[in-house]
Each structure stands twice: as C-alpha cells, then as structure tokens.
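**Student:** Position 56, counted from 1, in the sequence shown is what numbering that gives the first Met the number 0 calls 55; the numbers after and before it change by one each time, with no gaps.
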Amino acid sequence: MKWLVSMLGGLLLAACGGNVRTMELARYDFGSLAGAWSGSRIPLATLNVQAASWLSGPIMHFRLAYAEPLRRQSYAQSRWAAPPAELLEALLRRRVIFGQSDLSGAGCRLHLVLDELEQRFDDPQHSATILDVRAVLTPFRGTEILSKRAFPIRKPTPTPDARGGALAARDAVQTLSDDLGGWLGEIAREKPAIVDRCRNN
C-alpha cells in the first residue's frame, strides 16, 4: 500500500512540475529607420561602433535617478536582441554606407563610441532613454582626426517599463541617424578639403 501512495505522490508532483512555465525573455531591437538618408557628399568606406565596457552585452539598463542615482540596474525579463553597439552598427551601416550613390568602397572611416544607453527614471511614472554617442571622422588609413562631434540624445518613454524604454531607444537612434547626416552634410559644405581627402583616400 505504501508503494502505491508513493507512486501516486510522485505522479502528482510530476504533473504539477509539468505545468510550471518559465517566463520567456522579451527581446528588443531598434527596428528600422524611417526616411531616406539625408547623407553627405563625404565618401565613407566604413562605419564601426565601439561600446563602453558596461554596454558590451544585451542587458537593458535602467536607473532610478530619484531614489538611487548612482546605481545602474537591469531588467530581469527583458534584453536587447544583441549588444547595443552591434544593433546600432548594423542599422547605421545599412543607412549610411549602403545609402551612398558611390559604392566603390573609397572614402573615410566613421567611428562611433557608444558611451551610454539607459532608461532613466525621474520618478516612478516618468522616464527617458538616454543615448550618448561620440563620432570621429578619420582617413581610412591612419588615425588623424578630421572632425568629431558628441551626440547627447534624450527621448521620453511612452510607458515607464522596458517596452517603453525600447520604443524611446528606437526614436533616439532615429534622431542620431538624422543628426549624423546633418553633421556630415555641414562638413561637406564648409570643409571641402575634407571631402577631397576622403575621396582621394
């Protein structure tokens, strides 16, 4: 009789265990960029993105600035589909490099440094995605800096959660792309020597 009770107990535990579900991670990316590349007349051979060490993985970071301003936290059930620098590089390469009329491969190098990407809460119900990027234009060969600019971007989130942070990040990346186009266009208009340098690189 005891063995029957033990067996029934084991079957009951197995049945209960079979109904336990692990929560699936939500994975986000930056979507696609809207509109045509406003671009520049500066030929670009390549674009690469380097990230700060704390942004090297797919973790989605947030900060409760109103309560613990020095503490970086992460969402337990939400991730980026890949490290943010990888997502940003793939998106901008498609837009910037392959959006050029000249695809010969000649041109300068556009190097971006991703310094920050986090969702910052000013209070429990209001947050914004912070995207800080530095851009450096160099010859394809060599390290001489032809031009550089910082792009600090802040976009309010539609909802105070991971999904809202991802949507605001998409908007921030769109703004970054547009601002990069404006900056490169400005260089092309005001510094033709740099255009020639890149074209004959």
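The beta-carbon is built from N, C-alpha and C at its ideal position, and this holds for glycine as well.
Just so you know, these numbers come straight off a predicted model, no measurement behind them.
1) According to DSSP, is residue 142 helix, strand or coil?
2) Which term fits residue 120, buried or exposed, when burial requires 16 or more other beta carbons within 10 angstroms of its beta carbon?
3) Closest by CA to residue 138, which one among 85, 115, 195?
4) Are the CB atoms of residue 46 and residue 136 nearer to each other than 8 Å?
5) Could you please give me the residues that DSSP links to residue 155 through a beta bridge?
6) Quick one: residues in its chain with C-beta nearer than 8 Å to the C-beta of residue 59, no 5 flanking neighbours on either side, listed in chain order?
7) Residue 119 bridges to which residues according to DSSP?
8) Taking the alpha helix (DSSP H) that residue 77 falls in, what are its first and last residues?
9) Leaving aside the five residues before and after residue 143 along the sequence, list all residues of the same chain whose C-beta is less than 7 Å from its C-beta, in chain order.
**Tutor:** Judging by the given coordinates:
1) When DSSP states are grouped into helix, strand and coil, residue 142 belongs to the coil group.
2) Residue 120 should be labelled buried.
3) Residue 138 has its Cα closest to that of 195, out of 85, 115, 195.
4) In this structure, residue 136 does not lie closer than 8 Å to residue 46 by Cβ.
5) 127.
6) Once the five neighbours on either side are set aside, the close Cβ partners of residue 59 are 27, 73, 74, 77, 78, 79, 118, 161, 164, 165.
7) Per the DSSP secondary-structure output, residue 119 pairs in a beta bridge with 62, 127.
8) Annotation: residue 77 is outside any alpha helix (DSSP H); the continuous beta strand (DSSP E) that includes it extends over 72 to 79.
9) Once the five neighbours on either side are set aside, the close Cβ partners of residue 143 are 137.
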